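Peer 1: Take this structure first; my questions come after.
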Amino acid sequence: MATITERTKSEVKEIVYSFFAEECEADIEQINDNTSIINDLDGDSLMFLELIEIFKKKYNLDIELKVIGKYAVKHPVATIGQLIEMQLLIIEHENRLMELDK
Amino acid sequence: MADTSLSFIFPAFTRDYIDHPGQNLPGFDEQFSQLLHTGAETVDSVLSDFHFNGQTFPEDELRTQYLTYIYSCTASVILRKHNFYPLYTAGYSMGIYAAMFDAGVVSFETGLELIRLAYHSLLDSLKIGRFGMGILIGLNSEDIQQLINHFGLRVEITNQNAPHSFVVSGFREDLTKLLEHSKEEGALHVRDLGVSLPYHSRFVKEGAMEFARRIGHLKFSSQGNQIISLIDQTILVTAESMRNEVIRNLFQPLNWFSTNRMMLDKKITTFVECGTSKDLVKNAKFVDGNYRFFALDSFLLQ
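So the sequence lines, in the order shown, correspond to chains A and B. Just remember that the numbering used here sits 13 ahead of the position in the first sequence, which is counted from 1. Just remember that the numbering used here sits 3 ahead of the position in the second sequence, which is counted from 1.
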């Protein structure tokens, strides 16, 4: 289990904002934690998957995609802020993500 | 002279022409119109009604295939006019016909005829049941196969795009069940591809055999550049192996991921998606390697 520091939070937020600004050709200044990924940015689940791969490599995470998928079914993500929260949980708990629901 | 680091990939059919990559390329519209005119004269006069911002026949599977082929052949012609010659050409799924045109194996008109005969041969063979194809991302092949076996579904894995990205084909009601169960099992993305034929599966083997009989009179030549089989990643050399490939491509599973990897092992560092979509460009983000995957416009305008 990784410890989430303020630096980690800042890194994750920066990566997520930059990623969506580039992928969705949006002005990064217009993106905030309440921005809707689908309605405001026209994002999709493939982008979510791509972000997971980016974080898996950056933080050397040991997590199966289906664990994230099962968690996402119970905890759907709609906004940038929610997505950042989920990414932090993935980094912190990796394959034990589902244990959060027990 | 072929560029030994370059490969052209011809994608499967698509219905989406919004922001298509050819729109800003000089000469693209003229070349497309010329081939569209030939296509309308050869297989279907209604094709001449097509317009990028108007009538695109999205509900008509056969016309969609013709139009994707015409678009991809236009891309091939434009790339040749810019003196780009790849070492390898590959056709993803039904992109095989455009790949064969690009490699000089079949004429433009023969490619259209192959599409027509393949579609009708398969449709004629499937008299009972409704069929379809879907895409599943986030599970591995063992997970998917377990679901198929556990629920006794008449569905097959028919392509692997990336380590956790698969295409499935089969009976529509079972396909729908598989997509639903896959979501519950942790798939991050599932999508019905909205087609009525279960390409690359055993369900169309009988139709493929009929197709083999119907294409006996069509001419296949030895190619100008090398074509890679998506079925077993062999390099196709003879005209007969090309003919055989278009037949087995209909009913045998493909593996795009292995094909992509094979070309990377052969030192290909530049791939160009020669069609309307950018799906293979997006897919490349999930396949590790030291290479670049371009859409047609970004390659030519770089």
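Where a beta carbon is used, it is the ideal one built from N, C-alpha and C, also for glycine. These figures come from a predicted structure and were not determined experimentally.
Out of A:E27, A:I76, A:A15, A:A39, which one is the CA nearest neighbour of L96 of chain A?
Peer 2: Selected option, being the one with the closest Cα: A:E27.
Peer 1: Among residues of its own chain, excluding the 5 on either side of S232 of chain B, which ones have a beta-carbon nearer than 7 Å to its beta-carbon?
Peer 2: L239, E248.
Peer 1: Any beta carbon of chain B sitting closer than 9 Å to that of G82 of chain A?
Peer 2: So yes, G82 of chain A belongs to the interface.
Peer 1: Reducing DSSP to helix, strand and coil, say where N45 of chain A ends up.
Peer 2: Coil.
Peer 1: Taking just the CA atoms, how far does E276 of chain B sit from L310 of chain B?
Peer 2: Residue 310 of chain B lies beyond the stretch modelled for chain B, which goes from 4 to 305, so this question has no answer here.
Peer 1: Any residues in the segment 43-70 of chain A with a beta carbon nearer than 7 Å to a beta carbon of chain B? Which ones, in chain order?
Peer 2: For the segment 43-70 of chain A, which is checked against every Cβ of chain B, the residues closer than 7 Å are S58, L59, F61, L62, E63, E66.
Peer 1: By DSSP, does S168 of chain B sit in helix, in strand, or in coil?
Peer 2: It is a strand residue.
Peer 1: Nearest to T67 of chain B by CA position, among B:V80, B:T77, B:F53, is which residue?
Peer 2: Nearest of B:V80, B:T77, B:F53 to T67 of chain B, Cα basis: B:F53.
Peer 1: Measure the C-alpha to C-alpha separation of R217 of chain B and M245 of chain B and round it to an integer number of angstroms.
Peer 2: Cα to Cα, R217 of chain B sits roughly 15 Å from M245 of chain B.
Peer 1: Going by beta carbon distance, what residues of the same chain come within less than 7 Å of Q34 of chain B, once the five residues before and after it are set aside?
Peer 2: The answer, listed in chain order, is T77, V80, I81.
Peer 1: Between L74 of chain A and chain B, is any beta-carbon pair separated by less than 9 Å?
Peer 2: Judged by the 9 Å Cβ criterion, L74 of chain A is not in contact with chain B.
Peer 1: Near Y294 of chain B, what residues of its chain come up, given a Cβ to Cβ distance below 8 Å and the 5 sequence neighbours on each side ignored?
Peer 2: So the qualifying residues of the chain are L267, I271, T272, T273, F274, A287.
Peer 1: Is the segment 84-103 of chain A touching the segment 46-55 of chain A, taking contact as three or more C-beta pairs under 8 Å?
Peer 2: Contact between the segment 84-103 of chain A and the segment 46-55 of chain A is present, because at least three Cβ pairs lie under 8 Å.
Peer 1: Of the choices B:F87, B:Y69, B:N164, whose alpha-carbon is the least far from that of I118 of chain B?
Peer 2: For I118 of chain B, the nearest C-alpha among the options comes from B:Y69.
Peer 1: Taking only runs that begin and end inside the segment 119-146 of chain B, name each unbroken alpha helix (DSSP H) of 4 or more residues, in chain order.
Peer 2: Listed in chain order, nothing qualifies, since the segment 119-146 of chain B has no complete alpha helix (DSSP H) run of 4 or more residues.
Peer 1: From the DSSP output, read off the bridge partner residues of V193 of chain B.
Peer 2: Note: V193 of chain B sits in a beta bridge opposite B:L139.
Peer 1: In this structure, does DSSP put G219 of chain B in helix, strand or coil?
Peer 2: Coil at G219 of chain B, not helix or strand.
Peer 1: Nearest chain A C-beta to L150 of chain B closer than 9 Å, yes or no?
Peer 2: Judged by the 9 Å Cβ criterion, L150 of chain B is not in contact with chain A.
Peer 1: Which residues does DSSP list as the beta-bridge partners of I238 of chain B?
Peer 2: Bridge partners of I238 of chain B: B:I231.
Peer 1: Going by Cα to Cα distance, which pick from B:L150, B:L90, B:N143 is closest to Q229 of chain B?
Peer 2: The candidate whose alpha carbon is nearest that of Q229 of chain B is B:L90.
Peer 1: List, in chain order, every chain B residue whose beta-carbon is nearer than 8 Å to that of A15 of chain A.
Peer 2: Residues of chain B passing the Cβ test: none, with the nearest at roughly 22 Å.
Peer 1: What's the gap between the Cα of F31 of chain B and the Cα of G25 of chain B?
Peer 2: Their backbone Cα atoms lie some 6 Å apart in a straight line.
Peer 1: If contact means a Cβ-Cβ distance below 8 Å, which residues of the segment 178-191 of chain B contact chain A?
Peer 2: Of all residues in the segment 178-191 of chain B, K186, E187, E188, G189, A190, L191 have a Cβ within less than 8 Å of some Cβ in chain A.
Peer 1: Residues of chain A with CB under 7 Å from L142 of chain B, in chain order?
Peer 2: Near L142 of chain B (Cβ distances below 7 Å), the residues of chain A are K79.
Peer 1: Here's the rule I'm using: 16 or more other beta-carbon atoms within 10 Å means buried, otherwise exposed. How should Q305 of chain B be labelled?
Peer 2: So Q305 of chain B counts as exposed.
Peer 1: Would the segment 91-107 of chain B count as touching the segment 10-23 of chain B if we require 3 or more Cβ pairs under 8 Å?
Peer 2: Cβ pair count under 8 Å is three or more, so yes.
Peer 1: Is the shortest distance between the beta-carbon of V29 of chain A and the beta-carbons of chain B less than 9 Å?
Peer 2: Not an interface residue.
Peer 1: On the DSSP letters alone, give me the boundaries of the beta strand (DSSP E) that T92 of chain B sits inside.
Peer 2: Note, T92 of chain B: beta strand (DSSP E), 89-94.
Peer 1: Beta carbon of V193 of chain B, beta carbon of S172 of chain B: below 9 Å?
Peer 2: Contact: no.
Peer 1: Give every residue of the same chain whose Cβ lies closer than 7 Å to the Cβ of G227 of chain B, excluding the five residues on either side of it in the sequence, and list them in chain order.
Peer 2: Excluding positions up to five away in sequence, the list reads A106, G107.
Peer 1: Going by the CB atoms, is the gap between L257 of chain B and N143 of chain B shorter than 9 Å?
Peer 2: The answer is no: Cβ separation not under 9 Å.
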